[in-house]
Amino acid sequence: MESERLRIIRPGEIARGPVVYWMSRDQRVSNNHSLVYAQSFAIREKVPLAVVFCLADNFLVATLRQYDFMLRGLTETALSLGEKNISFHLLRGNPGTEIPKFVKENKIGMLVGDFDPLKIKREWKNEVAKKISVPFHEIDSHNVVPCRAVSGKQEYGAYTIRPKIQRLLKKFMVLVPKIVRHPVSFDRNPENIEWEKIIAGLKIDRSVPPVEWIKPGEKNARAMLKKFLIHGISRYSAERNDPNADAQSNLSPYIHFGQISAITVALETIKKSPDDENRRAFLEELIVRRELSDNFCWHNENYDNIGGIPGWAKASLREHKSDKREYIYMEREFESASTHDRLWNAAQIEMVKRGKMHGWMRMYWSKKILEWTKSPDEAIRIAIYLNDKYELDGRDPNGYAGILWSIGGLHDRPWGEREIFGKVRYMNYNGARRKFDVERYIERFGA
DNA sequence: ATCGGCTCGCGCAA
DNA sequence: TGCGCGAAGCCGAT
70 MESERLRIIR PGEIARGPVV YWMSRDQRVS NNHSLVYAQS FAIREKVPLA VVFCLADNFL
130 VATLRQYDFM LRGLTETALS LGEKNISFHL LRGNPGTEIP KFVKENKIGM LVGDFDPLKI
190 KREWKNEVAK KISVPFHEID SHNVVPCRAV SGKQEYGAYT IRPKIQRLLK KFMVLVPKIV
250 RHPVSFDRNP ENIEWEKIIA GLKIDRSVPP VEWIKPGEKN ARAMLKKFLI HGISRYSAER
310 NDPNADAQSN LSPYIHFGQI SAITVALETI KKSPDDENRR AFLEELIVRR ELSDNFCWHN
370 ENYDNIGGIP GWAKASLREH KSDKREYIYM EREFESASTH DRLWNAAQIE MVKRGKMHGW
430 MRMYWSKKIL EWTKSPDEAI RIAIYLNDKY ELDGRDPNGY AGILWSIGGL HDRPWGEREI
490 FGKVRYMNYN GARRKFDVER YIERFGA
């Protein structure tokens, strides 16, 4: 595995004892660099290998919808690990406390983690590193080109990060070796995990139910990919921005939870589809724009507030903060899809019902929240609140970057100045009507 | 249907 | 220092 994926959080000699992979962002067995890396150490040292997942109640106010998707995916992951003689342990509570406790109680020799640019994950890792006395290595198994290898600074836009990724793509876009049946067993048998009971007992917001149209887990992720490569990708370039066309991959929930690797998706795409504009457009979104979001969150701690937007946009929005708003809505009016705009309401309902709003509508939806709230700060807050509550892929760097792109001109250029938006790119109903059959979309979801 | 202007700043060439 | 051009658009002119 490429050494650029590695960051040593806590250095030192590996101690005698099992190797543990603390699984967090990359919840899968296949093509998981962190797991392969952990196993290579365990085999070399002739010690057991265990995977630990720490379930934090009320993580960034996630709801039953997201917990259900994640835990059912983990059920499959735990089973696959068992088949490879790798034990799986589900911990409950604050990872900053529970992971060190597990490490000490089980005399673990080394800890391996995965990469995540979000602040809370970084805080957890710092806390863990302070409390343990064995090596702690972090492996970027989420990105095609590891985030820290792409660039050492916040990139200005897609056009500045693109060549940096392209240069390294050949080196990093390769599958890792498969996990082998682990030769040494973990002596403490993990208790039989009662998944259904755990899901039923979570102390979380249960008002947002799981969705039926998309099924969690590695196998279903591959099936979804296969379906997209047969039915969707040939129309991707022309129709991906048509919310009625069903030309999107629908892979973002899987990629968000790491139930499928972006490398797997990219290599399958290259294998199965011709080298045309469709493939190029899909790989651009899968790799360049996703990794741009990771780059942003990793290098900018204000990724979830107005502090993260570029200077020209901040100044321009400030100049327009007192502009008259034709409509002003409160959070609950947005949430209940009660605006005057049937198109906006339909998008909101799509998100609430299906857990996934169409990509083009996400931009329109965010920009209208800016237009109809009393300040950009409030708009960002509401957009993030709703996104994280209802979207299966909430709390993802892509979500934060997308919202700041829409409301704050992040990674975008300035445009003609106008009311409220200032120089931030404007979008409106007429634009939607030019692009697709707005009435059909409203019929599907509006009501 | 198609085109240019809108407006800032990064990155590279020179 | 100059210059080309950019995450998904809008609008008016032709």
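Counting the first sequence from 1 gives a position; this note's numbering is that position plus 69. Built from N, CA and C at the ideal position, the CB exists for glycine as well. In this text, all values refer to a predicted model and were calculated from it rather than measured experimentally.
To the nearest angstrom, report how far apart residue 534 and residue 317 are at their CA atoms. Because the chain spans 70 through 516 in this model, residue 534 falls outside it and cannot be assessed.
Measure the Cβ-Cβ separation of residue 182 and residue 194 and say whether it is below 8 Å. yes
Note down the Cα distance separating residue 202 from residue 91, rounded to an integer number of angstroms. 16 Å
Helix, strand or coil: how does DSSP classify residue 491 here? strand
Boundaries of the beta strand (DSSP E) in which residue 79 is found, first to last residue: DSSP places residue 79 inside the beta strand (DSSP E), whose first and last residues are 75-79.
Look at the alpha carbon of residue 252 and the alpha carbon of residue 152, and state the distance between them as a whole number of angstroms. 12 Å
Chain-order list of residues whose beta-carbon lies under 7 Å from that of residue 474 (same chain, five-residue window excluded): 480 and 481
Give me the DSSP bridge partner(s) of residue 132. 274
Which residues does DSSP pair with residue 159 in a beta bridge? 122
Which residues does DSSP list as the beta-bridge partners of residue 180? 89 and 205
Kindly indicate which three-state DSSP category residue 255 falls into: helix, strand or coil? coil
Suppose only complete runs of 4+ residues qualify. What are the alpha helix (DSSP H) ranges in the segment 380-452, listed by chain order? Correct list: 380-388, 400-404, 411-423 and 428-440.
Buried or exposed for residue 348, going by 16 or more other Cβ atoms inside 10 Å? Sixteen is the threshold: when 16 or more other Cβ atoms of the shown chains lie within 10 Å of the Cβ of residue 348, as they do, the residue is buried.
Rounded Cβ spacing between residue 360 and residue 230 (contact assumed at less than 8 Å): At roughly 7 Å, the Cβ-Cβ gap stays under 8 Å, so residue 360 and residue 230 are in contact.
Evaluate residue 395 with the Cβ neighbour count: other Cβ atoms within 10 Å of its Cβ, from every protein chain shown; 16 or more gives buried, anything less gives exposed. exposed
C-alpha gap between residue 124 and residue 456, whole angstroms: Here the alpha carbon of residue 124 sits roughly 21 Å from the alpha carbon of residue 456.
When you compare only the Cα positions, how much space is there between residue 255 and residue 117? 5 Å
Segment limits, alpha helix (DSSP H) that includes residue 293: Its alpha helix (DSSP H) spans residues 287-296.
Please return the same chain residues whose Cβ sits closer than 7 Å to the Cβ of residue 308, not counting the five positions on each side in sequence. 314 and 316
Applying the criterion that 16 or more other CB atoms from any shown protein chain within 10 Å of the CB defines a buried residue, is residue 137 buried or exposed? buried
So the alpha helix (DSSP H) residue 344 belongs to, where does it begin and stop? Here residue 344 belongs to no alpha helix (DSSP H), and DSSP marks it neither H nor E.
Assign residue 134 to one of two classes, buried (16 or more other C-beta atoms within 10 Å of its C-beta) or exposed (fewer than that). buried
Counting beta carbon pairs with one atom in the segment 367-378 and one in the segment 414-427, are three or more of them shorter than 8 Å? Too few Cβ pairs lie closer than 8 Å, so no.
What's the call for residue 80, buried or exposed, on a 16-neighbour Cβ count within 10 Å? Flag for residue 80 reads exposed.
Helix, strand or coil for residue 268? Go by DSSP, reduced to three states. helix
Start-to-end residues for the alpha helix (DSSP H) that takes in residue 284: For residue 284, there is no enclosing alpha helix (DSSP H), as DSSP marks it with neither H nor E.
Are there 16 or more other CB atoms within 10 angstroms of the CB of residue 143, so buried, or fewer, so exposed? buried
If I measure Cβ to Cβ from residue 489 and keep anything under 6 Å in the same chain, skipping five residues before and after, which residues do I get? Here residue 489 has 389, 392 and 440 as same chain residues with Cβ atoms under 6 Å from its own Cβ, once five neighbours each way along the sequence are excluded.
Do the CB positions of residue 279 and residue 365 come within less than 8 Å of each other? no
Would you say the segment 321-328 touches the segment 283-296, given that touching needs at least three Cβ pairs under 8 Å? yes
Can you round the beta-carbon distance between residue 171 and residue 209 to whole angstroms, since I take them to be within the 8 Å contact cut? 23 Å between Cβ atoms; not a contact.
According to DSSP, is residue 117 helix, strand or coil? coil
With the cut-off set at 8 Å, would you say residue 100 and residue 245 are in Cβ contact? yes
Please tell me whether residue 322 and residue 95 are closer than 8 Å, where the distance is taken between their beta carbons. no
Between which two residues does the alpha helix (DSSP H) containing residue 219 stretch? 216-219
Can you give me the C-alpha to C-alpha distance between residue 517 and residue 115, rounded to a whole angstrom? This structure cannot speak to residue 517, because the chain is shown only from 70 to 516.
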